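K.L.:
Sharing a structure here in structure tokens format.
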Amino acid sequence: MQSTNDDLKLVLRALHFAADKHRYQRRKDRESSPYINHPITLVSILCHEAGVIDAEVLCAALLHDTVEDTETSLADLEREFGHTIRTLVEEVSDDKTLPRDRRKQLQIEHARHLSVKARHVKLADKISNLRDLAVSPPSGWSVERRCEYFDWARRVVDQIRGTHEVLESLFDEAHSARPR
Ligand code: NDP
Ligand code: ZN
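Counting from 16, one number per residue, gives the positions in the sequence shown under this note's numbering.
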């Protein structure tokens, strides 16, 4: 069991790593916000709103988009952060070589097979993205497209109900902002 100090160092190392990997990327909102704000938001949701303070979960949250959206490989993560964190990131990463509709369908099908820690990251990711869609959606997205995203996110989360009461109620709250 690691000490609190070691946990803190690990989480800060993951933050540094993710900030470096995402340094040239922006989110899709109108202001093109710095990409790293999104993984930091996941940590804030987990830690401050849901009381999830497990260092491996927080690291995986910080790193969750590095493999999908940067040059980072799973081997890089294993070398830097060990097998457990690598596996958590792997669990929540889509295979970007697949067509979008297939990836979306696979997220629904795979969700129930995720480990509990990966589910925590997945829930925080969906909460963050729905909140962003409500207040700062990707530029150019129609209301219809935003609605489709809300509906799809709920189909994913419905597969993992019963995992974490607070995260699920934060998700439901975020989902209540679905455009009508
Ligand atoms: P994308 O995967 O292209 O975009 C959504 C992803 O972008 C999010 O999951 C998030 O992923 C990331 N993201 C970056 N910035 C933001 C932001 N400001 N707010 C929210 N998310 C952000 O879209 P999808 O392929 O998921 O399409 C969404 C839905 O729209 C699907 O159901 C699809 O079928 C439908 N669609 C509709 C079209 C239409 O014209 N009606 C056209 C194409 C798709 P991450 O956290 O991983 O960065
Ligand atoms: Zn994400």
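Beta carbons: idealized from backbone N, C-alpha and C, even for Gly.
Please read all numbers here as calculations on a predicted model, not as lab measurements.
Cutting at 6 Å between CB atoms, please list the residues of its own chain near ALA126, excluding the five before and the five after it.
P.N.:
As a working mapping, residue 126 is identified with position 111 in the sequence shown. Hits under 6 Å: VAL171, GLN174 and ILE175.
K.L.:
Is it the case that the CB of ARG169 approaches a heavy atom of the ligand NDP more closely than 6 Å?
P.N.:
Taking the sequence shown and counting its residues from 1, one reaches residue 169 at position 154. No.
K.L.:
ASP21 to ARG45, Cα distance in whole Å?
P.N.:
For this step, residue 21 is matched to residue 6 along the sequence shown. For this step, residue 45 is matched to residue 30 along the sequence shown. Their Cα atoms are separated by approximately 38 Å.
K.L.:
Consult DSSP for PRO114 and reduce its assignment to one of helix, strand or coil.
P.N.:
One-based indexing of the sequence shown puts residue 114 at position 99. PRO114: coil per DSSP, three-state reduction.
K.L.:
Tell me whether ARG161 sits in a helix, a strand or coil according to DSSP, three-state version.
P.N.:
The residue you call residue 161 lines up with position 146 of the sequence shown. DSSP places ARG161 in helix when its eight states are reduced to three.
K.L.:
Is ASP140 near the ligand ZN, judged by its Cβ being under 6 Å from some heavy atom?
P.N.:
Working through the sequence shown from its first residue, we reach residue 140 at position 125. Yes, the Cβ of ASP140 comes within 6 Å of a heavy atom of the ligand ZN.
K.L.:
Under the rule that 16 or more other beta-carbon atoms within 10 Å means buried, what is GLU124, buried or exposed?
P.N.:
Taking the sequence shown and counting its residues from 1, the one referred to as residue 124 is at position 109. Exposed.
K.L.:
For VAL107, which residues from the same chain have a beta carbon less than 6 Å from its beta carbon, with the 5 sequence-adjacent residues on both sides left out?
P.N.:
Looking up residue 107 in the sequence shown gives position 92. Contacts found: HIS79, ALA133, VAL136 and LYS137.
K.L.:
Using a Cβ distance threshold of 8 Å, determine whether the region 29–36 contacts the region 79–89, with at least three qualifying pairs required.
P.N.:
yes
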